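Working notes, beginning with the structure itself.
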Amino acid sequence: MNTRHIWAHPSGTIIAAKFVMYAGSAVLLLLLAAGCAQKLDTPASDSQNAARQPPVIQSDDPATQPASTPTEPVPQPVAEPTPSAAAEPVAKPAAPSPQEPVTTAPTPPPVAKPSVPVSPEPVAQPKPSAPSSPAPKPAAPSPSQPQPAAPAAPSAPKPSPAAPTKTQSPATNIPAATSTLDLDALKEEVRSTSAIGLFTKITLKNQVDDLLDDFRDYHKGKSKLTKTDLRRAYDLLLMKVLSLLQDKDPRLASSIVASREVIWGLLEDPKKFATLSA
Amino acid sequence: MNKLTVAFLQSLVVAGVLAAQTPADEEKLKQDLTAVIALHGQPCGEVVAVTVLAESDYAASCKDGNKYHVYLNKEGRVVVEKQA
Numbered sequence: 001m002n003t004r005h006i007w008a009h010p011s012g013t014i015i016a017a018k019f020v021m022y023a024g025s026a027v028l029l030l031l032l033a034a035g036c037a038q039k040l041d042t043p044a045s046d047s048q049n050a051a052r053q054p055p056v057i058q059s060d061d062p063a064t065q066p067a068s069t070p071t072e073p074v075p076q077p078v079a080e081p082t083p084s085a086a087a088e089p090v091a092k093p094a095a096p097s098p099q100e101p102v103t104t105a106p107t108p109p110p111v112a113k114p115s116v117p118v119s120p121e122p123v124a125q126p127k128p129s130a131p132s133s134p135a136p137k138p139a140a141p142s143p144s145q146p147q148p149a150a151p152a153a154p155s156a157p158k159p160s161p162a163a164p165t166k167t168q169s170p171a172t173n174i175p176a177a178t179s180t181l182d183l184d185a186l187k188e189e190v191r192s193t194s195a196i197g198l199f200t201k202i203t204l205k206n207q208v209d210d211l212l213d214d215f216r217d218y219h220k221g222k223s224k225l226t227k228t229d230l231r232r233a234y235d236l237l238l239m240k241v242l243s244l245l246q247d248k249d250p251r252l253a254s255s256i257v258a259s260r261e262v263i264w265g266l267l268e269d270p271k272k273f274a275t276l277s278a
Numbered sequence: 279m280n281k282l283t284v285a286f287l288q289s290l291v292v293a294g295v296l297a298a299q300t301p302a303d304e305e306k307l308k309q310d311l312t313a314v315i316a317l318h319g320q321p322c323g324e325v326v327a328v329t330v331l332a333e334s335d336y337a338a339s340c341k342d343g344n345k346y347h348v349y350l351n352k353e354g355r356v357v358v359e360k361q362a
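Just so you know, the protein sequences line up as chains X and C, in that order. Residues 1 to 278 (the working numbering) make up the first sequence, in order. Residues 279 to 362 (the working numbering) make up the second sequence, in order.
See below:
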């Protein structure tokens with residue numbers, strides 16, 4: 001009764017109109033909300049699909065192309081997101097990874113899907129081979145580009161050329177270290193060694209002094225000795241020293257042998273010899 | 279007291295002499311003189327006996343029968359003289 005009375009009343013029509021408006025607006029809001037919810041769900045669903053797609057591709061690959069199975073397992077590692085993530089930001093660790101998969105996920109699916117039927121796939125597949133390289137990538141990020149051509153081959157030859165250079169550097173360092181052993185250092189080591197007796201050391205010092213006098217006279221032009229004679233005397237004296245040291249102090253003997261030409265260079269050059277005598 | 283002091287000093291001298299002439303030191307001296315004689319280009323082979331004449335002054339007898347007077351002169355040079 002009341003309702004009829006309300007509808008019958010002119011003010012009741014107004015109320016009914018307002019009710020209809022409210023109900024309609026509520027329905028519109030619900031529809032909008034539902035639409036927004038669908039829009040928000042689509043990316044998530046896409047990402048989920050993208051994440052789920054690789055397994056689907058795996059299942060499809062063996063089913064569709066048994067022969068291409070070896071090629072596709074490479075993309076299967078689903079590392080596609082990781083290679084892309086590693087290619088874009090090299091230094092981004094695990095923290096950004098959860099975000100990246102969402103962004104990168106859309107890219108891999110199109111690459112993987114078309115790659116399966118199309119030949120360009122092999123080009124894209126080398127990227128998956130990168131998943132094995134992502135760990136070494138920090139060492140050499142640039143090889144990521146040559147990967148398509150030959151992923152493992154370029155990386156293998158590169159270390160080999162690098163290794164020889166490393167081996168060369170120590171080899172060059174050794175001569176540098178031996179070159180630092182000059183005549184004074186040699187004298188000190190011969191003085192401090194216990195492999196030679198006191199009288200023998202004095203005798204050797206006397207003979208070294210005699211040889212230095214001969215070089216001094218030679219550089220002044222007062223000596224009748226030639227450079228060949230001086231070289232012979234130098235070699236003979238070194239042989240005497242080495243014969244005394246080689247059994248009891250082989251380290252010093254080897255260092256003397258290593259610095260043999262360096263010392264000769266000091267004695268032979270008048271300018272260097274002048275600095276020595278001074 | 280005097281007798282005890284003299285006896286103590288004598289024992290110290292004897293101990294010092296024995297310590298100075300240990301077989302190891304004598305062997306080192308023989309090897310040293312052998313090297314010195316060889317460095318001077320004199321025939322010897324090996325020094326088998328050494329007599330200390332003075333400080334840095336020795337009479338060496340070689341295995342081959344040669345005898346040498348090895349000493350350090352005033353100029354600081356080692357001299358090897360063959361003895362008859």
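All residues carry an ideal CB built from backbone N, CA and C; glycine is no exception. These figures come from a predicted structure and were not determined experimentally.
Collapsing the DSSP output to three states places H219/X in a helix. D249/X and A185/X do not touch by the CB rule: their CB atoms are close to 15 Å apart, not below 8 Å. Nearest to L230/X by alpha-carbon distance, out of L267/X, S25/X, F199/X, is L267/X. Under DSSP, D335/C forms a beta bridge with A332/C, Y349/C. Taking 8 Å as the threshold, the shortest C-beta distance from Q320/C to chain X does not fall below it. Residue pairing of E359/C in beta bridges, as defined by DSSP: H347/C. Interface criterion met: the Cβ of A313/C is under 8 Å from a Cβ in chain X. The beta-carbon of K306/C is placed less than 8 Å from the nearest beta-carbon of chain X. Less than 8 Å separates the beta-carbon of H318/C from that of V358/C.
The three-state reading of DSSP puts A278/X in coil, since its state is none of H, G, I, E or B.
Note on K308/C: 16 or more other CB atoms within 10 angstroms of its CB, so buried under the neighbour-count rule.
The beta-carbon of K227/X is placed no less than 8 Å from the nearest beta-carbon of chain C. A Cβ-Cβ distance of about 4 Å is found for the pair A313/C and T200/X, placing them in contact under the 8 Å criterion. In this model, D217/X and N351/C are separated by some 24 Å (Cα to Cα). Checking the DSSP bridge columns, you'll see V325/C partnered with C340/C.
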